[in-house]
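Quick note on my numbering: the first sequence kicks off at 7 and runs consecutively.
Ideal Cβ placement from N, Cα and C applies to all residues, glycine included.
So the structure is just underneath, and the comments pick up after that.
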Amino acid sequence: MLDPKLLRHQLEFCQQQLARRGFQLDVEKFSTLENQRKALQVRTQALQKERNAKSKAIGQAKAKGEDASDILAAVADLGDQLKAAEEQLHAVQAELNALLMGIPNLPHATTPDGENEEDNQEVRRWGEPRQFDFEVRDHVDIGEGLGLLDFETAAKITGSRFAVMHGGIARLHRALIQFMLDLHTQEHGYSETCVPFIVNADSLRGTGQLPKFEEDLFKLYHEHDYYLIPTAEVPVTNIVRDTILEKMPCRFVSHTPCFRSEAGSYGKDTRGMIRQHQFEKVELVQVVKPEDSYQALEELTAHAEEVLKRLKLPFRTMALCAGDIGFSSAKTYDLEVWLPGQNKYREISSCSNFEAFQARRMKARFRNPESGKPELVHTLNGSGLAVGRTLVAIMENYQQKNGSVQVPEVLQPYMGGVSIIE
RNA sequence: GGAGGGAUGGCUGAGCGGUUGAAAGCACUGGUCUUGAAAACCAGCAUGGGUUAACGCCCAUCCAGGGUUCGAAUCCCUGUCCCUCCGCCA
Numbered sequence: 007m008l009d010p011k012l013l014r015h016q017l018e019f020c021q022q023q024l025a026r027r028g029f030q031l032d033v034e035k036f037s038t039l040e041n042q043r044k045a046l047q048v049r050t051q052a053l054q055k056e057r058n059a060k061s062k063a064i065g066q067a068k069a070k071g072e073d074a075s076d077i078l079a080a081v082a083d084l085g086d087q088l089k090a091a092e093e094q095l096h097a098v099q100a101e102l103n104a105l106l107m108g109i110p111n112l113p114h115a116t117t118p119d120g121e122n123e124e125d126n127q128e129v130r131r132w133g134e135p136r137q138f139d140f141e142v143r144d145h146v147d148i149g150e151g152l153g154l155l156d157f158e159t160a161a162k163i164t165g166s167r168f169a170v171m172h173g174g175i176a177r178l179h180r181a182l183i184q185f186m187l188d189l190h191t192q193e194h195g196y197s198e199t200c201v202p203f204i205v206n207a208d209s210l211r212g213t214g215q216l217p218k219f220e221e222d223l224f225k226l227y228h229e230h231d232y233y234l235i236p237t238a239e240v241p242v243t244n245i246v247r248d249t250i251l252e253k254m255p256c257r258f259v260s261h262t263p264c265f266r267s268e269a270g271s272y273g274k275d276t277r278g279m280i281r282q283h284q285f286e287k288v289e290l291v292q293v294v295k296p297e298d299s300y301q302a303l304e305e306l307t308a309h310a311e312e313v314l315k316r317l318k319l320p321f322r323t324m325a326l327c328a329g330d331i332g333f334s335s336a337k338t339y340d341l342e343v344w345l346p347g348q349n350k351y352r353e354i355s356s357c358s359n360f361e362a363f364q365a366r367r368m369k370a371r372f373r374n375p376e377s378g379k380p381e382l383v384h385t386l387n388g389s390g391l392a393v394g395r396t397l398v399a400i401m402e403n404y405q406q407k408n409g410s411v412q413v414p415e416v417l418q419p420y421m422g423g424v425s426i427i428e
């Protein structure tokens, strides 16, 4: 959520910045509601003040044993007036809040202009795509060829966009998770965290998936409004919801499955493991002081990049343009890994600074030692990395002419010394 | 699933329907004392919002939402969460 004060006092600025990301702020509606809110709030509070004063006088009169019937008569119709004013105020506040919850974050000054992914800017590039002296296969052909990847059976068990992995591929998948967790906890200073994979609606509102993006989620058939997590970002970031932190920064790394309905992506990436309803991800989450958040974004992005470097997978880092960043983000870097099977770079990590956007929704604060007052924190997260896509990248980049797959050196200790999957 | 008990400020924990935003203790901050520190003593110390140039003033908040009342932390209803016991269970 944006700062309501910023919207009130710098509405034009907000409108301009939101326009950069293609969001049309209904200035007129906001102003009208805001003016109504102000008038109603002042009126309601004045009535409350009057009621409080009169009630107190009644109490004092009764304590002295005096007759309070005059004051009681004076207060007679106050209750109805107050109730009416409160109801109107609540209605306007609810409408205003709904409007506010639907407004995306302002892009940061360093987020480049642009409408869509065509306009994203390459920041840096690492590694050289390998030259193959045989015909390159994609991960589906490789995996099915080895008999270790099975989409048909997954379709029988559940439906489309699921996979069954066996043997060396399943183990490689597990090895990747262990490797990533170890790297981030042992070298990057993150604390390993295990969280629920089912969350409530408050948590999803906190990080921004609700109310606008419910159709992307799997909702459970249950007496409460429970959802499968679309990313560990939701449960992990919500650790700090409704809290005043004393120690900062917080750095969490968490491995979870992620569940996405992929509504609206019909026909996109239908082949293989790139876009699944269920996938695993190792997620990095940081909660930092506002002045540190852009430094933290650079560091977090570097932590994700380090995974690709150790795996020797070529990638490029993209600064997403204002039209392509997510709803809650002020600035996002995407890491795109080279996939020989597709002959292009594909997203494998997304690292974002949400500034206070999520913190305001979550009421996540820290106590500023200088002022002694609670202030909103800044939150960040990034994939470090998406495990399924990393597996795809390894299969395609490390494939051999005979259809086998080499195991990257750093993963071999996690594979019991196995160096080739065949 | 059954039966009870509970939820109060950063923490612990009092609180008859009426100057209770809330006792007390701890923690924290400042001061006195001390060469310094500790101890002792004194003082301050909730959150959100409105309004104001500012000092300030005002409103709300004792898990959440309704209700009763001139007035609710206190009474009633509903929900959520936590604890204890019984049953079931990975």
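Query raised in the report: Just curious, the beta strand (DSSP E) that C264 is in, first and last residue?
Result: C256 to F265
Query raised in the report: Do three or more CB pairs link the region 187-199 to the region 160-174 at distances below 8 Å?
Result: no
Query raised in the report: Nearest CA to the CA of S260: which residue from N387, K89 and A91?
Result: N387
Requested in this report: Please report how far the alpha carbon of A74 lies from the alpha carbon of R49, in whole angstroms.
Outcome: 26 Å
Query raised in the report: By how many angstroms is the C-alpha of R57 removed from the C-alpha of Q51?
Result: 10 Å
**Report entry** Inter-residue spacing [alpha-carbon to alpha-carbon] between L251 and E381
**Finding:** 10 Å
Query raised in the report: With a Cβ-Cβ cutoff of 8 Å, do L314 and L345 count as a contact?
Result: no
Query raised in the report: Are E239 and V291 touching if we call contact CB-CB under 8 Å?
Result: yes
Query raised in the report: Quick one: complete beta strand (DSSP E) runs, 3+ long, within the region 349-385?
Result: 350-359, 370-373 and 380-382
Query raised in the report: T237 to F19, Cα distance in whole Å?
Result: 32 Å
Query raised in the report: Is DSSP giving M271 helix, strand or coil here?
Result: The displayed chain sequence assigns Ser, not Met, to residue 271. It is coil, neither helix nor strand.
Requested in this report: Can you give me the Cβ contacts of Q412 inside the same chain, cut-off strictly under 6 Å, excluding the 5 residues immediately before and after it?
Outcome: Y404 and I426
Query raised in the report: For L12, which of R26, S37, R27 and F29 has the nearest alpha-carbon?
Result: S37
Query raised in the report: Exposed or buried, which one is F321 when buried takes at least 16 other CB atoms within 10 Å?
Result: buried
Query raised in the report: Taking just the CA atoms, how far does D119 sit from Q22?
Result: 12 Å
Requested in this report: Look at the alpha carbon of A181 and the alpha carbon of V142, and state the distance between them as a whole number of angstroms.
Outcome: 25 Å
Query raised in the report: By DSSP, does Q66 sit in helix, in strand, or in coil?
Result: helix
Requested in this report: Kindly identify the DSSP beta-bridge partner or partners of N41.
Outcome: Paired residues: none, contrary to the question.
Query raised in the report: For Q284, does the three-state DSSP call read helix, strand or coil?
Result: strand
Query raised in the report: Under a Cβ-count criterion, where at least 16 other Cβ atoms within 10 Å of its own Cβ denotes burial, should R277 be classed as buried or exposed?
Result: exposed
Query raised in the report: Quick one: what's A343 bridged to in DSSP?
Result: The displayed chain sequence assigns Val, not Ala, to residue 343. Paired residues: F321 and R352.
Requested in this report: Express the C-alpha separation of T385 and E121 in angstroms, rounding to a whole number.
Outcome: 25 Å
Query raised in the report: Which whole-angstrom value is the C-beta distance of Q364 and G212, which I expect to be below 8 Å?
Result: 6 Å
**Report entry** Range covered by the beta strand (DSSP E) that runs through V129
**Finding:** Q127 to W132
Query raised in the report: What three-state label does DSSP hand L251 in the structure shown?
Result: strand
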